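In mature numbering (1 follows the signal peptide of the UniProt record, and there is no 0), the protein residues as written are -24 to -1, 1 to 124.
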């Protein structure tokens, strides 16, 4: 009889251990952060110059909108940063359609730099890698918000 009591206790302990692992798993699972667009601070600076010359008249000096939609804030992020659309969608729209009075007149570099500038104003951080045709393929998700 002692032997069956031992088996029962061991089985109970095994079940408890398994239950503990199963209960701990959801809390211990780590989520992988969404990839963020890559651009440099130099691109942001150059993009700001292009924005001031070619975009500010319609989109406002703080990208807040005016005669054209705002390029910052919740509406912008809801449209472009849903995690399904690549950064290329923002860039391509800019490159092909802007400025409104001369669509498609921005050079490749200018369009990349303006895209970097707009992203920076929406909370994305500059890094060491330039925004390029390759890095434009990254899906655009809302930027992480910093907690105090």
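Cβ coordinates follow ideal geometry from the N, Cα and C atoms, glycine included. Because the structure is a prediction, the values reported are computed rather than measured.
Closest to residue 46 by CA distance: which of 109, 20, 116 and 97 is it?
97
Entirely within the region 19 to 95 and at least 3 residues each: give me those beta strand (DSSP E) ranges in chain order.
58 to 62
Straight-line Cα distance separating residue 38 from residue 90
13 Å
Taking contact to mean at least 3 C-beta pairs separated by less than 8 Å, is the region 51 to 69 in contact with the region 24 to 31?
no
Within the same chain, show all residues whose beta-carbon is closer than 7 Å to that of residue 52, passing over the 5 residues directly before and after it, in chain order.
46 and 98
What do you get for residue 69, buried or exposed, if any count of 16 or more other CB atoms within 10 angstroms of its CB means buried?
exposed
Using CA atoms only, rank isn't needed, just tell me which of 85, 55, 22 and 88 is closest to residue 117.
55
Span of the beta strand (DSSP E) around residue 115:
115 to 117
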